[in-house]
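Under the numbering used here, residues 10 to 136 are what the sequence shown spells out, in order.
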Amino acid sequence: MKSPMVYWDPDTGVSQCVITAKDGSVHVGSAKCSPKDQDMMSEKTGAAIAEMRAQIAYLRHERDAEVKPELKALKRFWNTINQSKYYDANSYPVQILLRSIQRYENDLDAINEEISAIKDNLSVYMQ
Numbered sequence: 010m011k012s013p014m015v016y017w018d019p020d021t022g023v024s025q026c027v028i029t030a031k032d033g034s035v036h037v038g039s040a041k042c043s044p045k046d047q048d049m050m051s052e053k054t055g056a057a058i059a060e061m062r063a064q065i066a067y068l069r070h071e072r073d074a075e076v077k078p079e080l081k082a083l084k085r086f087w088n089t090i091n092q093s094k095y096y097d098a099n100s101y102p103v104q105i106l107l108r109s110i111q112r113y114e115n116d117l118d119a120i121n122e123e124i125s126a127i128k129d130n131l132s133v134y135m136q
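#1: I124 and I65 - do their beta-carbons sit closer together than 9 Å?
#2: Pairing CB atoms from the segment 68-82 with CB atoms from the segment 48-57, are three or more of them under 8 Å?
#3: Quick one, which of L107, W17, R62, P102 has its alpha-carbon nearest L131's?
#4: Alpha carbon to alpha carbon, how far is Y95 from A56?
#5: Output yes or no for whether 9 Å exceeds the beta carbon distance between G38 and E60.
#6: Using the three-state DSSP reduction, which class does M14 fall into: helix, strand or coil?
#7: Just grab the DSSP bridge partners of Q25 for me.
#8: Closer than 8 Å to a non-hydrogen atom of the ligand NAD - does that hold for the CB of I120?
#9: When you compare only the Cα positions, how much space is there between R141 and P19?
#10: Let me check understanding here. Comparing Cα to Cα, which of C42, I110, D97, F86 lies closest to T21?
#11: Note down the Cα distance separating H36 from S24, rounded to an integer number of angstroms.
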């Protein structure tokens, strides 16, 4: 992930944050100041909200485009070799495969927890 780029338009009260993933995909988060809050409009507040939204979009992309497909492929492969009459649960390749599956499951849990934490922070920040 490259560092986020934040854009602020004081005339409209819109702040945007752009995060570019390592695969080249672009994730945008934006925040618009409510008309009733115009007197307290701040570039830093809008940037913080936009960045949190962009991070959520980026993490969802990582989860859905990278971690889940890899985990699905590894599990499918394990289910295939698991049915073989030559399957040996103690063999080195099987142990490596199971560790890889566990690592991707841990990555998936971590990403889901991070998305949840950012959403909670965003809701608290906006209150």
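Each residue gets a CB set at the ideal place from its N, CA and C atoms; glycine is no exception.
These numbers come from a predicted model, not from an experiment.
Put simply:
#1: yes
#2: no
#3: R62
#4: 57 Å
#5: yes
#6: strand
#7: Y16, S39
#8: In the structure shown, the ligand NAD is absent, as is every other ligand, since no ligand is present at all.
#9: Past the boundaries of the shown model lies residue 141; the chain is included only from 10 to 136, so the question cannot be answered.
#10: C42
#11: 14 Å
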